[in-house]
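Colleague:
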Amino acid sequence: MFSNLKNKLTGDKKILILLSILLVFNIALFINLFAYMIIVKHLSASALHDLVTIISAIIILGFISTRLTKLKELTDGSVYEIGYLIIMGLLSLTISYFNKSTNGESLWAPFLEMFRMLSVVLILTYLATKSKSFQAILRGDNSRRTIIWQIIIFSILGILASYFTMNVNGIPANSRGLIVMISSMLGGPYVGIPVGIISGLWRYSLGGPTALACGVATIMAGIVGSLVYIWNNGEFLRSYKAALLMLLYSGFDMFLVTVLTPQPDGIIIANALYAPMTFGAVLGMILFTMFLGEKKEEVQISEELKQTLDDNTDKISVNSDIIDVNTDRIIEMSQELKEYKDKVDKLEQELSDIKNKL
């Protein structure tokens, strides 16, 4: 029964099941966090009202903006552009209101700090993509040498991510899980799992209340990304799927923090880190997939140019061989022509001698 079910499951369905499992852990995390906010932090009705208001406003504005494309088909471009300007204005007013009513400076500061830290990590990742081993991975070269170099490069990045952190209420946040997930979805289990183990053990060796949870989450990132790599036939996920994976995995990461960290510290840490770390992970994955798409196009163009050059070289080589053959034939014909000329001269000489005798 299970073997038949396994054979019927395609790679996309397996990935969907994996995302569903991660979603269950996210729901469990949200229940714990919501209970913590109500019981411990005594969530006020006004704060809940503001939260529901901003979420509803964003949903409505998003719904309206998606309908503007139909407006573009029915009217001219100016009305379409004015509609988008109105939407952006309403969104700005909504954010401004929410910013004043909820002390927005303290609300947005962690996200801005996370973006700053993420920028450093992405720059290091960008420099790593200049390596020959990364170019080889994009070309589908999974040789032992390429895999070893990828393990070394991403392990260094994963270790550095443990030090490039930002403090949220005194709690360090980082993008280590993002690095491991990228390595596993890019290089598969032979790269992702070793990188996850090395980075996870390094984080565990640093100690702290979240050492075990962060170490386990880092290793799990390598395993999850490797499964996605296998089920997606070795292809990197499209940007929206990769972003969804990081969104759900960040929730799973925080769930592990609530389970493997002594209480009530686990809930407090997860409550402080969930939003900025999820923001950084999702944004980082989107930016990397965009960059990866450009690199793949560059590699594809380079391969096409190389193939064209090789084809032209082969054609030149074939034409050169033909020219050589024709040259040899011309030389042979020239020699034959010279021999015939010598015979003609000899016959003319004989004919002249005969005439003189007569």
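Residues in the sequence shown are numbered consecutively from 65, following the numbering used here. Note that CB positions come from ideal geometry on N, CA and C, so glycine has one too. For clarity, every value in this text was computed on a predicted model and none was experimentally measured.
1. Just the Cα atoms here: how many angstroms apart are Asn335 and Ile91?
2. Does the Cβ-Cβ distance between Val244 and Ser263 come in under 7 Å?
3. Counting only runs of 4+ residues fully inside the region 251-278, write out the alpha helix (DSSP H) ranges in chain order.
4. If you draw a straight line from the alpha carbon of Ala281 to that of Asp317, how long is it in whole angstroms?
5. Can the beta-carbon of Ser239 be found closer than 7 Å to that of Ser290?
6. Grab the span of the beta strand (DSSP E) containing Pro326 for me, first residue to last.
7. Report yes if the CB atom of Met178 is closer than 7 Å to the CB atom of Met230, and no otherwise.
8. Pick out whichever of Ser269, Gln364, Ala200 and Leu221 has its Cα sitting closest to the Cα of Val259.
9. Go through its chain and collect everything with a Cβ distance to Ser303's Cβ below 6 Å, but skip five positions before and after it.
10. What does the alpha-carbon distance come out to for the pair Leu182 and Ile216?
11. Quick one: using the 10 Å Cβ neighbour count with 16 as the cut-off for buried, is Arg267 buried or exposed?
12. Could you compute how far the alpha carbon of Ala99 sits from the alpha carbon of Glu362?
13. With a 10 Å radius around its C-beta and 16 neighbouring C-beta atoms as the bar for buried, classify Gly298 as buried or exposed.
14. According to the neighbour-count rule (16 or more other Cβ atoms, all chains shown, within 10 Å of its Cβ), is Val346 buried or exposed?
15. Determine the closest residue to Ala192 out of Ile394, Glu368, Glu403 and Leu356, with distance taken between C-alpha atoms.
16. What is the DSSP secondary structure of Asn231, counted as helix, strand or coil?
17. Mind checking Met397: buried by the 16 CB within 10 Å criterion, or exposed?
18. Taking Ser314 and Thr342 to be in contact with their CB atoms under 8 Å, please state how far apart those CB atoms are, rounded to whole angstroms.
19. Use the C-beta contact count for Tyr293: other C-beta atoms within 10 angstroms, 16 or more gives buried, fewer gives exposed.
20. Would you report the Cα separation of Tyr404 and Lys410, rounded to the nearest angstrom?
21. Within 10 angstroms of the Cβ of Val389, are there 16 or more other Cβ atoms? Answer buried if so, exposed if not.
22. Answer yes or no: do Asp273 and Asp329 have a C-beta to C-beta separation smaller than 7 Å?
23. Considering Cα atoms alone, identify which of Ile246, Leu270 and Val321 is closest to Ala306.
24. Note the first and the last residue of the continuous alpha helix (DSSP H) segment covering Thr210.
25. Thinking Gly279 and Ile257 are a contact (beta carbons under 8 Å), I'd like their distance in whole angstroms, please.
26. Considering only DSSP beta bridges, list what Pro236 is partnered with.
27. Here's the rule I'm using: 16 or more other beta-carbon atoms within 10 Å means buried, otherwise exposed. How should Tyr190 be labelled?
28. What does the alpha-carbon distance come out to for the pair Leu86 and Gln371?
29. Between Gly271, Ser207 and Ala275, which has its C-alpha nearest Val255's C-alpha?
30. Within this structure, are the beta carbons of Gly251 and Ile201 separated by less than 7 Å?
31. Can you tell me the Cα-Cα spacing of Gln327 and Gly344, whole angstroms?
32. Hey, out of Gln199, Val185, Leu312 and Gly75, whose CA is closest to Glu358's CA?
33. Evaluate Leu312 with the Cβ neighbour count: other Cβ atoms within 10 Å of its Cβ, from every protein chain shown; 16 or more gives buried, anything less gives exposed.
Modeller: On the basis of the coordinates in this document:
1. As a first step, residue 335 must be located in the sequence shown, where it is residue number 271. As a first step, residue 91 must be located in the sequence shown, where it is residue number 27. One C-alpha to the other measures close to 14 Å.
2. Along the sequence shown, read from residue 1 onward, the residue named residue 244 stands at position 180. Along the sequence shown, read from residue 1 onward, the residue named residue 263 stands at position 199. Contact: yes.
3. Runs of the alpha helix (DSSP H) inside the region 251-278: 253-269.
4. Counting from 1 along the sequence shown, the entry for residue 281 is found at position 217. Counting from 1 along the sequence shown, the entry for residue 317 is found at position 253. Roughly 6 Å separates the two Cα atoms.
5. Residue 239 sits at position 175 when you count from the first residue of the sequence shown. Residue 290 sits at position 226 when you count from the first residue of the sequence shown. Result no, Cβ atoms of Ser239 and Ser290 do not sit closer than 7 Å.
6. Sequence index remark: in the sequence shown, residue 326 carries index 262 (1-based). Segment: none, Pro326 is in no beta strand (DSSP E) and carries neither H nor E.
7. In the sequence shown, counting from the first residue as 1, residue 178 sits at position 114. In the sequence shown, counting from the first residue as 1, residue 230 sits at position 166. Contact check for Met178 against Met230 passes: the beta carbons are separated by less than 7 Å.
8. For the purposes of this step, residue 259 is identified with residue 195 of the sequence shown, where counting begins at 1. Comparing Cα positions, the closest option is Leu221.
9. The sequence position of residue 303 within the sequence shown is 239, counting from 1. Around Ser303: Ile350 and Thr353.
10. Here residue 182 is taken as the residue at index 118 of the sequence shown, counted from 1. Here residue 216 is taken as the residue at index 152 of the sequence shown, counted from 1. Each residue's Cα considered, the two are about 21 Å apart.
11. Translated into the one-based positions of the sequence shown, residue 267 becomes position 203. Here Arg267 is buried: its Cβ has 16 or more other Cβ atoms, across all protein chains shown, within 10 Å.
12. As a position in the sequence shown, residue 99 is number 35, starting the count at 1. As a position in the sequence shown, residue 362 is number 298, starting the count at 1. Their backbone Cα atoms lie some 50 Å apart in a straight line.
13. Numbered from its first residue, the sequence shown carries residue 298 at position 234. With fewer than 16 other Cβ atoms inside 10 Å of its own Cβ, Gly298 counts as exposed.
14. Locating residue 346 in the sequence shown gives position 282, counting from the first residue. Burial call: buried.
15. Indexing the sequence shown from 1 puts residue 192 at position 128. Of the candidates Ile394, Glu368, Glu403 and Leu356, the one whose C-alpha sits nearest the C-alpha of Ala192 is Leu356.
16. Numbered from 1 along the sequence shown, position 167 holds the residue referred to as residue 231. DSSP places Asn231 in the strand class (E or B) of the three-state scheme.
17. Taking the sequence shown and counting its residues from 1, the one referred to as residue 397 is at position 333. A residue is called buried once 16 or more other Cβ atoms fall within 10 Å of its Cβ, and Met397, having fewer, is exposed.
18. Position 250 of the sequence shown, counted from the start, is the residue given in the question as residue 314. Position 278 of the sequence shown, counted from the start, is the residue given in the question as residue 342. Between the beta-carbon of Ser314 and that of Thr342 there is about 4 Å, and that keeps the pair under the 8 Å contact cut.
19. By one-based count along the sequence shown, residue 293 stands at place 229. Classification of Tyr293: buried, given that the 10 Å Cβ count is 16 or more.
20. Within the sequence shown, the letter at position 340 stands for residue 404. Within the sequence shown, the letter at position 346 stands for residue 410. When the Cα atoms are used, Tyr404 and Lys410 turn out to be separated by approximately 10 Å.
21. By one-based count along the sequence shown, residue 389 stands at place 325. That one is exposed.
22. Translated into positions along the sequence shown, residue 273 becomes position 209. Translated into positions along the sequence shown, residue 329 becomes position 265. The question names Asp, yet the displayed sequence has Pro at residue 273. The Cβ atoms of Pro273 and Asp329 lie closer than 7 Å to each other.
23. The residue given as residue 306 occupies position 242 in the sequence shown. By alpha-carbon distance to Ala306, the top candidate from Ile246, Leu270 and Val321 is Ile246.
24. The residue you call residue 210 lines up with position 146 of the sequence shown. For Thr210, the uninterrupted alpha helix (DSSP H) run begins and ends at Arg208 to Ala225, by DSSP.
25. Taking the sequence shown and counting its residues from 1, the one referred to as residue 279 is at position 215. Taking the sequence shown and counting its residues from 1, the one referred to as residue 257 is at position 193. That pair is no contact at about 14 Å.
26. By 1-based counting over the sequence shown, the position of residue 236 is 172. DSSP, once it has assigned bridges, lists Asn231 as partnering Pro236.
27. In the sequence shown, counting from the first residue as 1, residue 190 sits at position 126. Under this definition Tyr190 is an exposed residue.
28. Numbered from its first residue, the sequence shown carries residue 86 at position 22. Numbered from its first residue, the sequence shown carries residue 371 at position 307. Spanning the two alpha carbons is a distance of roughly 43 Å.
29. One-based indexing of the sequence shown puts residue 255 at position 191. Comparing Cα-Cα distances from Val255 to each of Gly271, Ser207 and Ala275, the minimum goes to Ser207.
30. Residue mapping note: residue 251 aligns to position 187 of the sequence shown, counting from 1. Residue mapping note: residue 201 aligns to position 137 of the sequence shown, counting from 1. Taking 7 Å as the Cβ cut-off, Gly251 and Ile201 qualify as a contacting pair.
31. Residue 327 sits at position 263 when you count from the first residue of the sequence shown. Residue 344 sits at position 280 when you count from the first residue of the sequence shown. It is roughly 26 Å from the alpha-carbon of Gln327 to the alpha-carbon of Gly344.
32. Stepping through the sequence shown from its first residue, residue 358 is reached at position 294. Ranking Gln199, Val185, Leu312 and Gly75 by Cα distance to Glu358 puts Gln199 first.
33. Indexing the sequence shown from 1 puts residue 312 at position 248. Answer is buried; the Cβ neighbour count reaches 16.
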